[in-house]
Structures are given as structure tokens and as C-alpha cells.
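Numbering (my numbering), first residue to last: 69 to 420.
Worksheet: one structure, shown below.
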């Protein structure tokens, strides 16, 4: 699913002339009609695979909701993606479908594309800890390596976490110790399931551009985020902004600044027993822009960009959120987990 468009050379004036339909057409024109996945071999680690992210989802014989149901998949099933197709009909904002497991077409909004990459264990952990990213579809964090059945959280692909140490259990398995950043819990994850993020991955993008020349514009009607350098639009991403739950959670409009940033955040809102709450460990690449905690951030619980569906934040694909995190100011030092309140990058959010 195309979620990013390179807009190098498009001026601010030219961009603002685009109608909503034309804006969305930029995505459609850049989307291939059909992309075949590579041949499937279970032992490979670079497969095109997808994790089901909703409680259950239907597969159809054609890439359309009007097709015949051929299969039901359930949350956290990981299956090969055989092909990508552009369907017809609803949902009009996202007509990308994945053909999965040789069985049927599943709407892409319910599937997180994933890989299975196992990693060498770090020989040492920096004093104070360092950032790591999950590189498998999911891994279960446990409270104690001696009691492996006591799961603290399930951590998902491309989530980021702060590693503060290692532990080798009595079976010789090495675990990373994670410092959770909301409750200050400590739990343990199979070390081969996490990749240490390197310093060059978080360096500032376009450092030669004066800070005052960088500007993010969020178009809520089009569900698009556009990055400008001066008068030139350089990137555009699909997003999912806040939706309406009992007259709350709409994304605010107006002018803001990305003055709080952190590479990982455990986002929690309310009790798990209450409606419309969430408990999301390891949300990656978070760029806050108001005092209420509204932010741009990566997303692993859906792949349904192009329509409002968040609790107010700007949901982005994790790669897009990382780009925004790196491109905007302030720059968070590589060895630092905490956020900063300093002069940041301008953000304008509009509707209508």
C-alpha cells in the first residue's frame, strides 16, 4: 500500500492549488496495479508476510467486499502475502488488497506487513540503555525468564523499546531487559527478536535547511501530511487522524510546534475494561505537538491509513513516522530516551 509520495519540486503554491481529489490521486497514480511476491520458502527470513491486526477478518475470492467469503483469519495469524492488488468499490479511500496464503484477498487495512529477521545479540549495552526495534511479527515480553509463561506484553513488529541490560537464563537463552517508560516496569524479551538502532538512523534529515524553513501541513479532509522546505513540498504521507467517539478525540486544528519528541512511548488511556481505551507499548517515533499529548507517531495496530480512526493523534506508518521524527526539530540525542521541550518545527492542521 502506497503511503508516501516524493513531492520534490512541487512548490507550496502549486500544492495548495490541488483539490482533495487531486491530492488523493497522487497516491493512486503512484500505486502499482499488481505486485507479485517472491516465491515462498518457510526457512527464509525476508518473506513478504502479513500479520492480521483485527480480531477476525474475512478473505474473499476477489479483491472486493462484494466477493465470496473463502476464509476467516484471526488476530496475530502471520501469513504469506502472495500478491498485492487494487480492488474496486469500498472502501474508496484504500482499495489495496493482499492475496494471502494462497487462499483469498484480505483488505490491507487489517494486515500489518512484517518480516522475520533474527539478530545477533549485542555484546554490551550502553550505560543508561539504548533503543531497539522488534524485527519479528511479534514477541512475548515476560516478567521473569524463570517463569516464561507469565507474559507481560506482546510486542509487535517495528515497535521500539529501551534496552537496559541482558540476562542469560539457565537454558542458555539470552534475554534483553526492557525498561518500560509509562509504569517503569522491567520485563524481558528474547534478544534475537530485537535489533539495536544505530546512531546514523536518527540523525537529522535535511540539516542544511534552516529550521524556520521546515513546515508540516496536515490536511484532515484528505488525511494527508505534507512536509515543506521553504516553498517546496518534499514529502507527503497518508495518515489517520482523530475520529469521533462521543464528541471527543478529534484532532485539533490550528498552528503547533513539534517541541516534544521521543523514539518510543508506551501509550495508555484508561482501564482495559472501559470502552475506547488503549494500552500500546513501544509506539515508535513520537513527535508531540501540543500539551495534551497529541502527536505524530508510528502505528502497528492497523494499516488503514486514509480515514480518521485515532484518539486524536496523527497515525502514520512507522517508516513515515520515523521520517517525520528525523526531519523535524528538536533533534533528540541518540543516547537519550527522554523528551525535550525546545524550539521545534511548525505544524499547521487544517480542515475544509
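Note that the Cβ used here is the ideal one computed from N, Cα and C, for glycine as well.
For residue 389, same chain residues with a beta-carbon under 7 Å away, outside a window of 5 residues either side, are 352, 353, 364, 365, 366 in chain order.
For the pair of segments examined, the region 243–257 was found to touch the region 211–221: the number of CB pairs separated by less than 8 Å reaches three. Contact annotation: the region 114–128 touches the region 169–177, with at least three C-beta pairs closer than 8 Å. Sequence-distant Cβ neighbours of residue 409 in its own chain, meaning closer than 8 Å and more than five residues away, are 327, 328.
Comparing alpha-carbon positions, the option among 380, 325, 324 lying closest to residue 345 turns out to be 380.
In this structure, residue 149 sits away from residue 286, with a CB-CB distance that is not shorter than 9 Å. The beta carbon of residue 416 is closer than 8 Å to those of 283, 284, 285, 286, 322, 323, 324 in its chain, skipping five residues each way along the sequence.
Just measuring C-alpha positions, the residue of 196, 204, 195 sitting nearest residue 187 is 204.
Counting C-beta atoms within 10 angstroms of its own C-beta, residue 372 has 16 or more neighbours from the protein chains shown and is therefore classed as buried.
For residue 122, same chain residues with a beta-carbon under 7 Å away, outside a window of 5 residues either side, are 143, 178 in chain order.
Relative to residue 336, the option among 243, 250, 194 whose CA is nearest is 250.
For residue 393, the enclosing alpha helix (DSSP H) begins and ends at 386–395.
For the options 395, 308, 260, the alpha carbon positioned closest to that of residue 240 is the one of 260. Leaving aside the five residues that flank residue 396 on each side, the residues in its chain whose CB is nearer than 6 Å to its CB run, in chain order, 326, 355, 413.
In the assembly as shown, residue 386 is a buried residue. Its beta-carbon has 16 or more other beta-carbons within 10 Å. Going by DSSP, residue 165 is part of the beta strand (DSSP E) stretching over 164–168.
Taken through DSSP and simplified to helix, strand or coil, residue 308 comes out as strand. Apart from the 5 residues on each side of it in sequence, residue 120 sits with its Cβ closer than 7 Å to the Cβ of 141, 142, 143, 144, 145, 178, 179 in its chain, given in chain order.
In the three-state reduction of the DSSP assignment, residue 359 falls in the coil class, being assigned neither a helical nor a strand state. Partner residues in the beta bridge of residue 223, as assigned by DSSP, are 207.
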